[in-house]
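Peer 1:
Numbering (this note's numbering), first residue to last: 1 to 161.
#1: Which one of 136, 59, 39, 143 has the shortest CA to CA distance from residue 28?
#2: Would residue 25 and residue 42 be called neighbours here (beta carbons separated by less than 9 angstroms)?
#3: Look at the alpha carbon of residue 20 and the alpha carbon of residue 50, and state the distance between them as a whole number of angstroms.
#4: Take residue 132 and list the residues in its own chain whose beta-carbon comes closer than 7 angstroms to its own, dropping the five residues that flank it on each side.
#5: Over what stretch of residues does the alpha helix (DSSP H) that includes residue 43 continue unbroken?
#6: Have a look at residue 76 and residue 46 and give me their C-alpha separation to the nearest angstrom.
#7: Flag this pair as touching only if the region 148-160 and the region 123-140 have three or more C-beta atom pairs under 8 angstroms; answer yes or no.
#8: For residue 76, which of helix, strand or coil comes out of DSSP?
#9: Report all residues from its chain with a CB closer than 7 angstroms to the CB of residue 148; omit the five preceding and five following residues, and keep chain order.
#10: Quick one: which unbroken beta strand (DSSP E) runs of 3-plus residues sit fully inside the region 84-115? Chain order, please.
#11: Please indicate yes or no: does the CB of residue 90 lie closer than 8 angstroms to some heavy atom of the ligand ATP?
#12: The beta strand (DSSP E) with residue 25 in it runs from where to where?
#13: Looking only at its chain, what residues have a beta carbon closer than 8 angstroms to the beta carbon of residue 44, apart from the 5 residues adjacent to it on each side?
#14: Residue range of the alpha helix (DSSP H) that residue 126 falls in?
#15: Taking 6 angstroms as the limit between beta carbons, can you name the residues of its chain near residue 151, skipping five residues before and five after?
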């Protein structure tokens with residue numbers, strides 16, 4: 001039997017690579033099955049490749065987070081010093097994790113508006129500016145930091161001039 005490390009390129013494979021092949025394998029005890037009752041799973045090669053890729057990415061992310069936590073443990077020892085005040089510790093934590101905390105506030109104000117609308121002459125007598133503006137006017141924000149939760153239309157005066 002050849003060493004598996006020799007079969008690293010597709011041209012050296014004894015069995016041609018088939019990404020659509022179904023592979024049956026024994027589940028490792030403690031994960032899918034108990035040792036006394038082995039379980040066999042069948043998956044497509046591409047599904048196994050993606051599962052392995054995701055596990056590698058998860059492992060890399062875990063090691064990065066673990067290193068971040070190790071560094072935080074060192075920082076906590078320093079921040080426990082009574083010479084640090086709460087604001088310095090919070091600023092240090094924010095800097096360490098590269099976060100920018102925010103506080104949401106509600107702002108209430110008045111907006112004046114002026115619109116020009118063309119009305120067919122046969123609808124002038126029945127024209128209702130409030131109704132039109134409630135249906136056609138909207139208030140929105142161009143910023144992801146602002147959410148317009150509520151707005152109201154108090155009055156709509158028409159200048160028939």
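We put the CB at the ideal spot given by N, CA and C, even for glycine.
Peer 2: Checking against the coordinates, here is how it stands:
#1: 39
#2: yes
#3: 13 angstroms
#4: 117
#5: Element bounds for residue 43: not the alpha helix (DSSP H) but the beta strand (DSSP E), 40-44.
#6: 44 angstroms
#7: yes
#8: helix
#9: 139, 140, 141
#10: none
#11: As far as ligands go, the structure on display features none, and thus does not contain the ligand ATP.
#12: 22-26
#13: 19, 20, 21, 22, 23
#14: Segment: none, residue 126 is in no alpha helix (DSSP H) and carries neither H nor E.
#15: 139
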